[in-house]
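Asker: Residue numbers (the UniProt record's numbering): 1 to 759.
C-beta atoms are modelled at their ideal positions from N, C-alpha and C, and glycine is treated no differently.
Computed from a predicted model, the values in this text were never measured in an experiment.
Got a structure for you, written out below as structure tokens; questions coming shortly.
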């Protein structure tokens, strides 16, 4: 029999006659619990809005994949066409690649795996994290699954296969780490696409000038023309996705009309029999004839699906239905006709493969098509630039990227954003890459790896979603892996063959960006857990204030922190050094949830720290990764208005509780207590007094207290940890935007409180 001494420190509880041990009960902070529950559902868009977004998406999403006909055949046959039948083999590869990957995989499968309307690698990761506890992001708590936009529409029947996979992922720290690293790698590769796409698209387009005037326009001059166009493109980004889309969409529509019309013309004029390439047997014959060279040429074939990942990454700027409509009705038919026409032209003009597109244009249309081609190539860059903005916003909110300013460029569509710092860095990187590589042939080697790697990674995440979340039949999962997954792996092996010929560039970009993301996320998690371990309980606030003999000054003070579980340790550090506190204190905890949006009316949650005469409140401010921060009206005004609403609601709850207690007490002791009117009068008087105190404090002035935590590695840390924290993280922190700038806190009313965290 166990002795009583063994259990004397373990409290026992009774629930429905059963004993519960205190060790099995985990205490949750009530504010943290409620801050994770956000009612509200996503409203369906009207068809007029969907069609408008579909039109805009043509100008933003499809520029990259739409301008691929400029360089695909020259990339497949860099040394010329060996056999005439190889043209049909290449056309067959192009047709089935476009059909299987951008159309079937992305438009009809991957877009379904959006995260409340948002796409990209981080959206897939967020989706998986919300269903299984595999996230390493500190803001994700077990109770976050209760958020309405956090919940998933899952089938009632849970298969053993899904449960087993979920269990394996949740119990393996290695699996959690691999998922996070894979997410960062995929995100970095997409950003790498955002650098390479403008370079190759613009260089391909201006190449048409060389065809028109070969003696006057040297390679060097063409490169500088491309650089000038790139600078104009990035300067135009500040006007926002809606204006960019409305401006670019008519041009892209004209481009698709041109390439479809020219393709149909060449198809009829030169060789309508190229339609035979729809027979996949031509692919088999192509590989039999060319063997290793056919496998190497797949690196050129993959150029026909560049920008496919943008279909998913840019879905947050538009909607799933709008992208499906624009792809199926405009982009896909135009591309198929364009490639059919080029193949028919090459059957009669086999020596023109190095410049198929421009040579196949009918004489009278050359200059109009060239002008539209240049504009379309500029627009091609837009797909990945917009996708880069969206992905960085997601990674920023999930603690995986340093603070940058996010400008929401549309009042109608919250997913349409512009990030000035990232835009400038992309512009600088594009100019450097264009000047360094100079030709599309060299760039295509670099570009292919980034494209295929991201697509393969997306397929890996999608398989997890299929098994754990959608719970579809295992045969469909196997079919997806054997068909689309296997094709992507073959393409990946082909593009990796050209690693030394420029393929190293996207991997170098990815490694650099991954290092930044991992350093920031690692210290972000460590800092959060440090605050969690050294937090101040709300019950200890009065004790802390009394110990320091703090005087109360008129005014409202707002303390900022990412800690939702309690009051951050920097508060105690502050009162020990500045023994004066404002009459009203609000501890604002900024919580980033791994969902896209939180309704504005439910963004603020309050708790009152007892005793009430302290006038100390805790406030959780919830943001999704696509929410506008402090742009519609001043943050402090919103906070004060919601605080007064909370005081009113809290007073009503207290009054109702007091009435209920009175009735219970009178029945039990047979004594008449104060009436409901008296209770209501006391509660109303107390409420009015509290609101007056808040309004008086707000009118006197608001002071924003921002913690300036210097993070250093703890004593005894190894050299890697010291380098990551003391040098890499602190360098990023010093040179990038601080939280006060992100929230537009007025400098005249801001006070920074310094404290050193040893982690």
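In whole angstroms, what separates the C-alpha of residue 430 from that of residue 444?
Answerer: 14 Å
Asker: Taking all protein chains shown into account, do 16 or more other C-beta atoms lie within 10 angstroms of the C-beta of residue 367, making it buried, or fewer, making it exposed?
Answerer: With fewer than 16 other Cβ atoms within 10 Å, it is exposed.
Asker: Do the CB positions of residue 62 and residue 252 come within less than 8 Å of each other?
Answerer: The answer is yes: Cβ separation under 8 Å.
Asker: Expressed to the nearest angstrom, what Euclidean distance is found between the alpha-carbon atoms of residue 505 and residue 642?
Answerer: 50 Å
Asker: Nearest-angstrom Cα distance between residue 237 and residue 447?
Answerer: 23 Å
Asker: Could you say if the stretch 346-356 and the stretch 178-187 meet the contact criterion of at least three C-beta pairs nearer than 8 Å?
Answerer: In short, these stretches do not touch, since the Cβ pair count stays below three.
Asker: Could you tell me if residue 141 is buried or exposed, where buried requires 16 or more neighbouring beta carbons within 10 angstroms of its beta carbon?
Answerer: Any reading at residue 141 must be qualified, since the residue scores a pLDDT of 46, below 50, and its modelled position is unreliable; the value itself is stated next. Buried, by the Cβ-count rule.
Asker: Whole angstroms are fine: how far does the CA of residue 258 sit from the CA of residue 761?
Answerer: Residue 761 lies beyond the residue range present for the chain, which begins at 1 and ends at 759; the question has no answer from this structure.
Asker: Consult DSSP for residue 713 and reduce its assignment to one of helix, strand or coil.
Answerer: coil
Asker: Hey, out of 589, 585 and 133, whose CA is closest to residue 701's CA?
Answerer: 585
Asker: Do you know whose CA, among 49, 90, 750 and 502, lies nearest residue 276's CA?
Answerer: For the set 49, 90, 750 and 502, the Cα lying nearest the Cα of residue 276 is the one of 90.
Asker: For residue 754, collect the residues of the same chain with a Cβ closer than 6 Å to its Cβ; drop the 5 residues on either side in sequence, then sort them by chain order.
Answerer: Closer than 6 Å at the Cβ level, and outside the excluded window around residue 754, lie 708.
Asker: Assess contact between the stretch 680-700 and the stretch 549-556, defined as three or more Cβ pairs (one per stretch) separated by less than 8 Å. Is contact present?
Answerer: yes
Asker: For residue 651, which three-state DSSP category applies?
Answerer: helix
Asker: What residue range is occupied by the uninterrupted beta strand (DSSP E) comprising residue 551?
Answerer: 551-561
Asker: Under the three-state reduction of DSSP, which class applies to residue 46: helix, strand or coil?
Answerer: coil
Asker: Check whether the Cβ atoms of residue 165 and residue 467 lie closer than 8 Å to each other.
Answerer: yes
Asker: Put residue 438 into one of helix, strand or coil per three-state DSSP.
Answerer: coil
Asker: Starting from residue 466 and walking both ways along the alpha helix (DSSP H), at which residues does that stretch end?
Answerer: Element bounds for residue 466: n/a, residue is neither H nor E.
Asker: Taking residue 300 as the reference, which of 78, 646, 194 and 183 has the closest Cα?
Answerer: 78
Asker: How many Å lie between residue 203 and residue 377 at the Cα?
Answerer: Using only the alpha carbons, I get a separation of about 8 Å.
Asker: Are residue 545 and residue 578 close, meaning C-beta to C-beta below 8 Å?
Answerer: no
Asker: If we ignore side chains and look at the alpha-carbon of each, how far apart do residue 29 and residue 566 end up?
Answerer: For residue 29, the predicted model reports a pLDDT of 49, less than 50, meaning its position is unreliable and no value from the coordinates is stated.
Asker: Give every residue of the same chain whose Cβ lies closer than 8 Å to the Cβ of residue 515, excluding the five residues on either side of it in the sequence, and list them in chain order.
Answerer: 728
Asker: At what residues does the beta strand (DSSP E) containing residue 754 begin and finish?
Answerer: 750-758
Asker: Compute the beta-carbon to beta-carbon distance between residue 509 and residue 195, rounded to the nearest angstrom, for a pair I have assumed lies under 8 Å.
Answerer: Your pair residue 509 and residue 195 checks out as a contact, with CB atoms roughly 6 Å apart and the cut at 8 Å.
Asker: I need the straight-line Cα distance from residue 531 to residue 167, nearest angstrom please.
Answerer: 29 Å
Asker: Tell me which residues share the same chain as residue 539 and place their Cβ nearer than 8 Å to its Cβ, disregarding the 5 neighbours each side in the sequence.
Answerer: 610
Asker: Output the boundary residues of the beta strand (DSSP E) element that contains residue 616.
Answerer: 616-623
Asker: Who pairs with residue 587 in a beta bridge, going by DSSP?
Answerer: 559 and 618
Asker: What residue does the beta strand (DSSP E) around residue 722 start on, and which one ends it?
Answerer: Taken as a continuous stretch (DSSP letters only), residue 722 belongs to no beta strand (DSSP E), being part of the alpha helix (DSSP H) at 719-722.
Asker: Roughly how many angstroms separate the alpha carbons of residue 138 and residue 386, rounded to a whole number?
Answerer: Residue placement at residue 138 is flagged as unreliable, the pLDDT there being 49, under the threshold of 50; a coordinate-derived value is accordingly withheld.
Asker: Does DSSP put residue 607 in a helix, a strand or coil?
Answerer: strand
Asker: Quick test of the definition: if touching needs 3 or more C-beta pairs under 8 Å, does the stretch 113-125 touch the stretch 81-99?
Answerer: Output reads no: the stretch 81-99 does not touch the stretch 113-125.
Asker: Let me know the secondary structure DSSP gives residue 125 once reduced to three states.
Answerer: helix
Asker: In whole angstroms, what separates the C-alpha of residue 393 from that of residue 219?
Answerer: Answer to the nearest angstrom: the Cα atoms are 38 Å apart.
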